[in-house]
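Asks: A single structure is presented below for examination.
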Amino acid sequence: MKFIIGLGNPGRKYQDTRHNAGHWAIDTLTPKVKSKVSNVKLIKTSTFMNESGKEVKQLTVKHKLLTHDLLIGHDDLDLEPGAWKLQFNRSAAGHKGVQSIIDELGTQEFWRFRIGIGRPTKKADEYVLEDPSKEDRGLVEEAIADALPRVLEWGRAL
C-alpha cells in the first residue's frame, strides 16, 4: 500500500490559501488515481500545517508503511506557479510542515510532490495564508494535472 498525503490547514478559512496546495492536489488526483491504481490511498491532513508530522507518523504506524511508500504533496515557495517536482530524500528547504514530518519520522527518505506557489514579495508566513490570484490558482491546478502521469507511475512502482 502507498499513501499520497496532501498537506494543508483545516477549515473553510484556509481552504483556498496557497498553503493548501497539497489539499488541492488530493481533490484533483483522487478520482483519477483511484480509477487507475488500486494500491494507493489519498489523504488530506486534518491537522494544521506545522503539526503535519504527528498525523503522518500515526498513519505510518497504523498502516505499517515504509517511508518510501509516502508521497507528500505540498506548496513550494521555490517553484513558480505552474511548476512542480516529484523528488525523493530532500531536505525541508524551510517548509515547516515538511520539517515536522522529517522530525516525527526521523528521516527525510520519503517522496515529495512539490507544487509551486511562487516566491513572495512579503513575509512568507503571510503569503502562504493568502488566496492566490485567479491566474496563479489556475497555474497551480494545471501543474497538478500535468503531474498526474508521473504520480500514477509512482503509484504503480513496487
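Residue numbers (this note's numbering): 254 to 411. For every residue, glycine included, the Cβ atom is placed at its ideal position computed from N, Cα and C. Just so we're clear, the structure is a prediction, and the values are computed from it rather than from any experiment.
Check K294 in the structure and name its three-state DSSP category.
Replies: Residue 294 sits at position 41 when you count from the first residue of the sequence shown. Correct three-state label for K294: strand.
Asks: Please list, in chain order, all residues of the same chain as K289 whose beta carbon is under 7 Å from its beta carbon, the five residues on each side excluded.
Replies: Here residue 289 refers to the residue found at position 36 of the sequence shown. Within the same chain, K289 has close Cβ partners L405.
Asks: I need the DSSP call for K375, collapsed to helix, strand or coil.
Replies: The residue you call residue 375 lines up with position 122 of the sequence shown. In the three-state reduction of the DSSP assignment, K375 falls in the coil class.
Asks: Pick helix, strand or coil for H272, following the three-state DSSP scheme.
Replies: Here the question's residue 272 lines up with position 19 in the sequence shown. If DSSP states are grouped into helix, strand and coil, H272 belongs with the helices.
Asks: Return the residue from the list L332, A377 and L401 that minimises the CA-CA distance to I279.
Replies: Here residue 279 refers to the residue found at position 26 of the sequence shown. If we check each option's Cα against that of I279, L401 comes out closest.
Asks: Given a threshold of 16 other Cβ atoms within 10 Å of its Cβ, counted over all protein chains shown, does T360 qualify as buried or as exposed?
Replies: As a position in the sequence shown, residue 360 is number 107, starting the count at 1. When all chains shown are included, T360 counts as exposed.
Asks: Cβ of K315 within 7 Å of any heavy atom in the ligand GTP?
Replies: Only the bare structure without any ligand can be found here, which leaves the ligand GTP out of the picture.
Asks: Checking 8 Å against the spacing of the C-beta atoms, do V251 and I370 come in under that value?
Replies: Residue 251 is absent from the model: the chain starts at 254 and stops at 411.
Asks: What residue from K255, A377 and I368 has the CA that sits closest to G391's CA?
Replies: For the purposes of this step, residue 391 is taken as residue 138 along the sequence shown, with counting starting at 1. That would be I368, whose Cα lies nearest to the Cα of G391.
Asks: P385: buried (16+ other C-beta within 10 angstroms of its C-beta) or exposed?
Replies: Along the sequence shown, one-based indexing puts residue 385 at 132. P385 comes out buried.
Asks: Got a sec, what are the start and stop residues for the beta strand (DSSP E) L339 sits in?
Replies: Residue 339 sits at position 86 when you count from the first residue of the sequence shown. Unbroken beta strand (DSSP E) run through L339: W337 to F341.
Asks: Cβ atoms of E362 and K307: under 8 Å apart, would you say?
Replies: The residue given as residue 307 occupies position 54 in the sequence shown. The residue given as residue 362 occupies position 109 in the sequence shown. It is not a contact, given that the beta carbons lie outside the stated cut-off.
Asks: Who are I368's beta bridge partners in DSSP?
Replies: To locate residue 368, count along the sequence shown from 1; it is residue 115. DSSP lists D328 and W337 as the beta-bridge partner residues of I368.
Asks: Thinking C-alpha only, which one of R365, Q268, P373 and G326 is nearest R343?
Replies: As a working note, residue 343 is residue 90 in the sequence shown. Ranking the options by Cα distance to R343, first place goes to R365.
Asks: Cα separation between Y267 and N303?
Replies: Here residue 267 refers to the residue found at position 14 when the sequence shown is read from its first residue. Here residue 303 refers to the residue found at position 50 when the sequence shown is read from its first residue. Those two C-alpha atoms are separated by around 14 Å.
Asks: For G259 and G275, which I take to be in contact (beta-carbon distance under 8 Å), what is that distance rounded to the nearest angstrom?
Replies: Reading the sequence shown from its first residue, position 6 is the one you call residue 259. Reading the sequence shown from its first residue, position 22 is the one you call residue 275. 4 Å between Cβ atoms; contact.
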